[in-house]
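See below for the structure under consideration.
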Amino acid sequence: MDLKLPELGEDIEEATVLKVLVSEGDRIEAEQSVIEVETDKATLEVPADSGGTVESIEVGEGDSIKVGQVIAKISEGGGGAKEEPSDDTEEEDEEGEEEKEEEKDKEKDKDREVEETAGEEEKDQDKEKDKEVGETAGDGGEEAGGEEDAGAGESEAVPSTGALPVFASPSVRRFAREIGIDLGNVEGSGPGGRLSVEDVKRHARETRADARTGRSPTRAAKPLPDLSQWGEVENEEMSKVRRVTADRMSQSWTTVPHVTLFEKADVTELEEARGRLGEEIEEKSAAGLSLTAMLVKIVAIALEAHPRIAGAVDIAKGRVVRRRYSHIGVAVDTGDGLVVPVLRDVIEKSLPALAEEWGELSVRAREGKLSNDEMRGGVFTLTNLGMLGTGFFTPLVNLPEGAILGVGRSETEPVYEAESEEFVPRLRMPLSLSFDHRFIDGADGARFLHWLVQAMEDPFRLALEVGRPRKESN
Amino acid sequence: MSETNERDLKGKTLVVIGAGPGGYPAAFRAAQMGFDTILVDLRPEPGGVCLFEGCIPSKTLLHEARLLNEAREAEERGLAFSKPRIDVDRIREHLRKVVGDLTGGLAARRKKEGIRYVRGKASFSDSRTLAIEAAEDGDDDVPDEIAFDYAVIATGSHAVELPDFDVDRSAIWDASEALDLAEIPKTLLVVGGGYIGLEMGTAYGALGSRVTVVEMTGGLLPGVDRDLVEPLERRLRGDGVGGFEEIFLRTRVEGAEPYEYGIEVRLTDAEGETRTRKFERVLTAVGRRPNSEGLGLRNTAISLGDGGFIPVDEQRRTAESHIFAIGDVAGEPMLAHVATHEARVAIEAAAGRPTAFDPAAVPAVVFTDPEIAWAGLTEGTAKEAGIDVEVARFPWVASGRARSMGRTDGVTKLVVDPRTDRILGVGVAGSGAGELIGEGALAVEMGARVEDLARTIHPHPTLSETLMEAADVYFGQSVHYQNNKLGGAS
């Protein structure tokens with residue numbers, strides 16, 4: 001297998017080999033550093049993709065190499081060379097092996113010694129760590145009010161060190177800045193958690209490796225060049241909502257393999273019914289019968305019939321978590337960024353109740369008065385750009401959800417009716433369903449979307465959907 | 475990397491407005507990086523308030539003051555000198571020579587770096603052009619306009635004046651005027667118990683003035699941890715060497731009338747009680763304001779923030795991303811060394827390098843006697859911000875060096891994160907504290923833990939040992955000071 005120079009960052013096309021860290025014939029493990037290279041931004045180590053034996057090294061120290069260029073050839077499976085030993089070297093090899101074993105034992109002993117002497121200290125440190133986690137978790141509540149990040153509504157597991165400066169020396173901070181690593185995301189290996197250059201390099205390596213395997217999406221953005229050198233510019237500070245949106249969307253875009261399916265639903269009858277029933281209901285409830293309320297209700301029932309779509313994928317643990325609740329988020333454009341308030345237990349609520357709740361929720365969303373809790377826990381998101389004239393579009397999945405439905409503008413179109421053999425005007429609504437292809441396949445998505453379309457065209461189908469026993473709905 | 479930069483920067487004009495401790499380092503760095511650099515200031519040479527009428531002359535004067543006081547104190551220990559003869563003219567000459575040597579050196583370096591020096595007042599006519607008003611006594615070859623690619627605003631600050639009382643203005647000094655050393659008044663009122671007021675009071679006190687201080691808030695040096703102020707306050711309130719005549723807290727100057735030799739001042743305290751006192755001179759040190767007016771900022775996208783400061787980001791960029799602001803004009807703390815560090819950041823940013831102003835420790839020194847110095851997180855700030863810290867104190871009565879100097883009026887303290895034992899702040903009060911705080915700043919900036927400090931050999935017998943001993947106190951293991959871990963944190 002060829003080990004090639006990976007992407008080292010945007011706009012970096014080549015690097016200079018500083019040091020070759022392995023020799024031909026070495027057995028290496030996955031993630032072990034093979035060479036050290038220097039770009040004009042930083043010095044970095046290039047790890048092996050997988051373990052094996054180094055068959056040949058294709059670069060020399062001082063070489064300038066390009067991204068994608070072969071660095072070394074590595075035979076897989078822990079050493080092809082060893083599997084077919086020639087007769088006369090067999091003994092030698094075995095001796096060598098024994099020696100190595102001995103060395104290993106010695107090393108183990110050494111480790112044990114170190115462990116024993118360090119045992120107490122480590123225990124203390126562990127205790128300290130526990131204490132730390134406990135404390136920060138406890139502090140969280142108090143801090144939440146003032147902390148800027150509280151609104152992000154995510155990663156609450158990350159202990160915040162509050163107002164303390166980064167635990168790293170100025171040279172480490174400069175290094176991290178130069179290679180675009182946010183030290184807040186780096187775990188320090190030094191005493192008390194102090195960050196070293198090594199920690200930053202390790203983090204850089206891991207995030208790059210993660211980016212290759214699609215495990216983690218975070219990649220530091222490249223600093224913007226000074227745009228004012230070409231003319232007048234204006235700076236606008238990103239609002240908190242904007243920054244959170246940016247973060248989440250890049251997370252979604254880089255982690256989730258999106259597939260989007262399109263289909264049109266004939267909503268002629270649905271809209272008629274909405275108009276008719278809406279008038280009746282308006283006498284009782286000012287909110288009337290909103291389209292959003294109807295759509296979330298239909299989606300909630302559709303999810304009961306297609307539980308896979310209501311899943312959330314946990315790649316690290318290798319499982320899909322299926323939610324048995326029916327909280328549906330609806331995207332709201334606040335003018336200051338996008339927020340997604342979540343309607344709870346949709347399946348149990350009546351259409352007028354949902355309409356009323358949504359009316360109130362969307363007003364508060366636009367005023368920026370939602371609490372974090374009101375924007376969490378959704379199973380599925382609905383996003384409607386119809387009022388802006390959009391037809392089909394490709395919405396991005398709102399992690400950790402698995403799918404999102406984009407609603408476009410309904411238009412009256414000529415539809416050919418086979419029965420009457422003529423074109424009739426029908427109101428058709430474009431629907432775009434994006435989903436996470438890691439655990440939802442095209443057919444799953446197509447079935448779900450088509451079910452939605454049929455349910456909108458013939459709402460009676462909803463009644464056919466007998467799910468699990470529900471609480472009484474009124 | 476630097477090569478490409480230099481190539482890119484050649485032909486790019488960077489103009490620095492103001493040649494103080496922010497402006498001249500900015501200009502030097504810019505020139506070294508390859509910018510065509512222009513430095514604009516009204517003064518004949520670079521140096522700013524710091525060199526001409528601030529830090530440098532005041533510390534020179536305070537050095538003489540310390541000599542005087544030490545000689546007086548030596549008498550108690552059996553070393554008596556005859557009464558010092560104070561030749562004010564010679565001292566003044568000395569101050570001017572010190573300033574002249576330093577500014578002269580700067581001017582020579584400035585020429586060597588190929589920096590163009592324009593004597594005048596600059597204001598923005600738009601976001602790419604400065605209008606220059608030549609200094610009245612300057613050369614003729616000052617341009618009317620300078621077009622620039624990058625600009626750094628480093629115009630500093632000025633002393634806040636007292637309200638206009640109907641008195642002879644020449645009897646009222648600000649700190650700069652006090653450093654002209656026109657005379658040594660018999661009685662001096664210092665209005666403002668901050669660091670400038672107390673430093674100038676200390677200097678004039680040593681030179682023979684009877685000094686009174688009036689401070690509006692409830693304590694001297696507002697914002698500084700009380701346990702660090704305490705040794706100084708004790709000395710200032712004492713009858714011995716270095717003592718002031720009177721100190722009035724929570725008191726305002728309500729009125730002033732001229733009298734034969736100076737000014738009669740009406741002082742009103744928080745209870746409404748009014749006193750009158752007569753002083754030959756009044757020194758005002760009630761704060762400084764940024765020099766952000768008259769810069770023509772309205773012709774740019776920059777608008778002033780709270781307190782008249784120019785708002786900047788962590789790279790010291792203003793609302794115009796090619797215009798930077800550093801030093802006093804860009805916000806607190808107004809300290810020369812902060813301006814100098816910001817100059818580095820701003821120029822690196824202009825050159826397109828990833829950089830940020832992100833210090834963990836900004837050291838500050840009050841050059842009184844004893845001195846007070848701190849770096850990083852203070853106990854007071856920790857409390858305000860709700861940061862849980864543990865404090866270890868080592869009083870100088872337990873220091874052999876302090877005893878040998880006869881100056882046990884001091885304390886060294888560490889502000890520590892108890893979860894990681896990381897040193898977040900260091901504070902020192904005592905003779906020479908300013909020279910000790912550098913180690914504190916390094917400890918905080920490097921992320922040192924208390925153990926690192928405790929296990930670093932410090933030379934004996936020196937005051938630097940008090941830092942090591944304070945670290946030992948944190949672990950309840952000080953050799954020279956009996957305590958337990960919590961004993962220090964009262």
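Quick note, the sequences are listed as chains V and W, same order.
Letter by letter, the first sequence follows residues 1 to 474 in this note's numbering.
Letter by letter, the second sequence follows residues 475 to 964 in this note's numbering.
Note that the Cβ used here is the ideal one computed from N, Cα and C, for glycine as well.
Quick caveat, the model's predicted, so the values are computed rather than measured.
Check: Neighbour list for residue 919 of chain W in chain V, Cβ cutoff strictly below 7 Å; Outcome: 169, 170
Check: Nearest-angstrom Cα separation, counted from residue 427 of chain V out to residue 385 of chain V; Outcome: 17 Å
Check: Residue(s) in a DSSP beta bridge with residue 443 of chain W; Outcome: Missing from the structure shown is residue 443 of chain W; chain W here goes from 475 to 964 and no further.
Check: 7 Å Cβ cut-off: residues of chain V touching residue 804 of chain W; Outcome: The contacting residues do not exist; residue 804 of chain W stays about 16 Å from chain V at best.
Check: Short CB-CB distance (under 8 Å) between residue 228 of chain V and chain W; Outcome: yes
Check: Residue nearest to residue 783 of chain W in terms of C-alpha spacing, selected from W:774, W:798, W:590, W:766; Outcome: W:766
Check: Contact residues within the region 186–209 of chain V, judged by C-beta distance below 7 Å to chain W; Outcome: 191, 192, 193, 194
Check: Cβ-based contacts, 8 Å cut-off: residues of the region 897–915 of chain W near chain V; Outcome: 898
Check: Spatially closest choice to residue 292 of chain V from V:352, V:167, V:39, V:372, by CA coordinates; Outcome: V:352
Check: Proximal chain W residues relative to residue 234 of chain V, where beta-carbon distance stays under 8 Å; Outcome: 775
Check: Anticipated Cβ contact below 8 Å, residue 649 of chain W with residue 633 of chain W, distance rounded; Outcome: 6 Å
Check: Short-range partners of chain V found in the region 772–799 of chain W, where Cβ spacing is below 8 Å; Outcome: 775, 793, 794, 795, 796
Check: Endpoints, beta strand (DSSP E) assigned at residue 258 of chain V; Outcome: 258–266
Check: Distance between beta carbons of residue 17 of chain V and residue 486 of chain V, contact taken as under 8 Å; Outcome: For chain V, the structure presents residues 1 to 474; residue 486 of chain V sits outside this window and is missing.
Check: Supposed contact pair residue 897 of chain W and residue 924 of chain W - C-beta distance, whole angstroms, cut 8 Å; Outcome: 6 Å
Check: Short Cβ contact (8 Å threshold) for residue 756 of chain W with residue 657 of chain W; Outcome: no
Check: C-beta atoms of residue 793 of chain W and residue 235 of chain V nearer than 8 Å; Outcome: yes
Check: DSSP-derived helix/strand/coil call for residue 277 of chain V; Outcome: helix
Check: Cβ pair residue 540 of chain W, residue 843 of chain W closer than 8 Å; Outcome: yes
Check: Contact with chain V by residue 949 of chain W, beta-carbon distance below 8 Å; Outcome: no
Check: Straight-line gap, residue 722 of chain W to residue 700 of chain W (C-alpha atoms, nearest Å); Outcome: 17 Å
Check: Residue-chain proximity (residue 661 of chain W, chain V), Cβ-Cβ < 8 Å; Outcome: no
Check: Selection of the region 703–714 of chain W by Cβ proximity to chain V, strictly under 8 Å; Outcome: none
Check: Beta bridge counterpart(s) of residue 53 of chain V as assigned by DSSP; Outcome: V:27, V:75
Check: Any chain W beta carbon closer than 8 Å to residue 242 of chain V; Outcome: no
Check: Residue 197 of chain V: CB within 7 Å of a non-hydrogen atom of the ligand GTP; Outcome: As for the ligand GTP, it is missing from this structure, which has no ligand bound.
Check: Identity of the residues DSSP links to residue 750 of chain W by a beta bridge; Outcome: W:740
Check: Environment of residue 177 of chain V [buried if 16+ CB atoms lie within 10 Å]; Outcome: buried
Check: Beta-carbon proximity check, residue 429 of chain V vs residue 406 of chain V, cutoff 8 Å; Outcome: no
Check: Spatial distance of residue 454 of chain V from residue 432 of chain V (CA atoms); Outcome: 15 Å
Check: Within chain C, partners of residue 357 of chain V - CB distance below 7 Å; Outcome: This model lacks chain C altogether, as its protein chains are V and W.
Check: Where residue 178 of chain V meets chain W, residues with beta-carbon distance less than 7 Å; Outcome: 828
Check: Nearest candidate by alpha-carbon position, reference residue 894 of chain W, set V:62, V:183, V:190, V:59; Outcome: V:190
Check: Residue 478 of chain V, DSSP secondary structure in three states; Outcome: Past the boundaries of the shown model lies residue 478 of chain V; chain V is included only from 1 to 474, so the question cannot be answered.
Check: Beta-carbon neighbours of residue 344 of chain V, restricted to chain W and to distances below 8 Å; Outcome: In chain order: nothing, as chain W lies at least about 34 Å away.
Check: Classification of residue 440 of chain V by the beta-carbon crowding that lies within 10 angstroms, buried from 16 upward; Outcome: buried
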